[in-house]
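In what follows, a single structure is set out as structure tokens and then discussed.
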Amino acid sequence: MDYDDEPRTGDGNEARLAMEEAARKKKEKVESEIAEYEEMRREQREKEAEDLEQLRLKREQRKQERIEEDRRLLEIRKEEDKRRKAEEEERKRKKQEDERKRIEAKKAKLKELEERKKMSKTPNFVITKKGASNLEEASKDMAKSKEQLEEEKRAILAQRIQPLTVDGLDLAALMEKATEFHNKIKSLANEKYELEERFKSQQYDMIELAERARQMNKGKKRAVQVDDSYDPMAEKYGSCPPKVQMYSKYERHTDLRTYGTRVDYFETKAKKIEAEMAIGRKKEEDNLLKTMEETEETSEAAPAPEAEVAAEEE
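Pasting the structure below:
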């Protein structure tokens, strides 16, 4: 019997057991790693699913927000279109109203001109006689000296201009006083602007009426077309007389002569025409006198009918 077989058998068992133990540990390690990997994958899948759900919710929320924004923009566009249409209708209505007022004003002016034309034979003004009291007041005003007029002016200004008292006023009272002055200045500026516009309108109407009267007096027997177009020079220089056109604007060639040359030419031509007319009138008068003298001589030379009858009876 070999004594070395038993220890070798024990060493083999130990090696086998060690190998089995190593294999078991390796298997447990692999299983634990697989479990950890599966757990990690499960957590990752859950996180991805949660992220996807959040993305889906955000996408749905953005979609809903876009729908709400589109609805809001559509409402705004509808309101803008409605407001634009209302403004356009208001603009058209105002334009038609202005056109209607302009036509009515033009018709009223034409009617007034026709009535004035019909009543041109009667005086279109009323003379008011001043009484003795007005004459006395006018004479008193003329008799006042410069110092008296200045004194009256100062009294009127003192009555109209109220004194400004700001002593003892706090900040709120001063602000209220400044606001009051500002409103008063603004109202005075508005009144000044309205008066200036009214003056311009009345001045334009006066210029237009004067031009119409001049055109009517210029040719009463033929239809006159009055130019109703806007004339900026007439508005700027309202106190000046209207421009006299020395030649027609429809001429083929514009007269390049100076104003003085044209005036001299027309005055010389007018004097020449007057001289020719005077010569013609003189010739007509001489011919008339000569004809009258010949008629008288013929009547004196011819015998009377009664004298001829008496001579035949004898």
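Going left to right, the sequence shown walks through residues 0 to 313 as the numbering used here numbers them.
Cβ coordinates follow ideal geometry from the N, Cα and C atoms, glycine included.
A straight-line Cα-Cα distance of about 12 Å links Gln201 and Glu193. The beta-carbon distance between Lys183 and Val165, rounded to whole angstroms, is 16 Å. This is too long to meet the 8 Å contact definition. Counting along the chain, Arg213 sits inside the alpha helix (DSSP H) bounded by residues 170-217. Distance from Arg261 to Met276 at the Cβ level is roughly 22 Å; contact not present, criterion being Cβ atoms closer than 8 Å. Taking each of Glu234, Lys24, Gly279 in turn and checking the Cα distance to Lys199, the smallest one comes out for Glu234.
In the structure shown, the three-state DSSP call for Leu255 is coil.
The C-alpha of Tyr264 is placed about 10 Å away from the C-alpha of Tyr258.
With contacts defined by Cβ atoms closer than 8 Å, Leu73 and Arg211 do not form a contacting pair. Our two residues, Gln60 and Arg71, have alpha carbons roughly 16 Å apart in a direct line. Residue state for Pro162 is assigned as coil, using DSSP reduced to three classes. Between the C-alpha atoms of Ile75 and Leu51 there is a straight-line separation of about 35 Å.
Under the three-state reduction of DSSP, Lys242 is assigned to coil, being neither helix nor strand.
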